[in-house]
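Written out below as structure tokens is the structure these notes cover.
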Amino acid sequence: MYTVAKAAFLTALDELVLRPRNLDYKVQFPGPAGTIAVEAALKLARKVTGRTEVACFTNGFHGMTLGSLAVTGNGFARHGAGLPLAHTTPLPYDQAPGGENRARAGSTSRPPPGCAGWPNAATGTASC
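Structural data, given as structure tokens:
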């Protein structure tokens with residue numbers, strides 16, 4: 002969607018940041034829904050690394066699109082997809098003593114292209 006504000010932002014970004022540093026970047030505005038941003042992040046991680054597998058932590062919820070459901074740890078939501086959700090490696094997620102969050106990962110022969118995760122302001126935890 003084109004807006005005057007978006008055009009002004011892109012012009013300023015190009016003139017003040019990208020051109021002075023000779024950067025040939027592309028800018029993406031994924032949309033207003035978080036699940037769309039998750040889909041964009043998954044595609045970017047896979048494209049940049051050339052790998053398909055993505056690590057995701059248990060108990061996370063990222064939206065109802067197929068890519069977001071694939072990295073969602075909630076079994077009820079995942080079942081709603083109606084088809085197998087592949088190319089993800091689930092990792093256990095625990096609350097460490099002292100309130101610090103930590104992820105425990107087993108060893109893998111090849112690292113995933115990315116991990117879907119961000120802080121949850123409502124609970125004060127991070128989820129993937």
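Numbering (this note's numbering), first residue to last: 2 to 129. For glycine and all other residues, C-beta sits at the position ideal for the given N, C-alpha and C.
For Leu84, is the classification buried or exposed, using 16 other Cβ atoms within 10 angstroms of its Cβ as the cut-off for buried? Here residue 84 corresponds to residue number 83 of the sequence shown, with the count starting at 1. Exposed is the call here.
Using the three-state DSSP reduction, which class does Pro33 fall into: helix, strand or coil? Within the sequence shown, the letter at position 32 stands for residue 33. In this structure, Pro33 counts as coil in the three-state DSSP scheme.
Leaving aside the five residues before and after Phe62 along the sequence, list all residues of the same chain whose C-beta is less than 8 Å from its C-beta, in chain order. The count along the sequence shown starts at 1 and reaches residue 62 at position 61. Shown here for Phe62: same chain residues with a beta carbon closer than 8 Å to its own, the five before and five after excluded, namely Thr73, Gly74, Asn75, Ala78, Ser128 in chain order.
Cα-Cα separation, Thr1 to Ala46: Since the displayed the chain opens at 2 and closes at 129, residue 1 lies outside it and no answer follows.
What span of residues does the beta strand (DSSP E) with Ala56 cover, start to end? Counted from its first residue, the sequence shown places residue 56 at position 55. Looking at the DSSP string, the run of the beta strand (DSSP E) that includes Ala56 is 55-58.
Out of curiosity, what's the CA-to-CA distance linking Thr12 and Val18? One-based indexing of the sequence shown puts residue 12 at position 11. One-based indexing of the sequence shown puts residue 18 at position 17. Cα to Cα, Thr12 sits roughly 10 Å from Val18.
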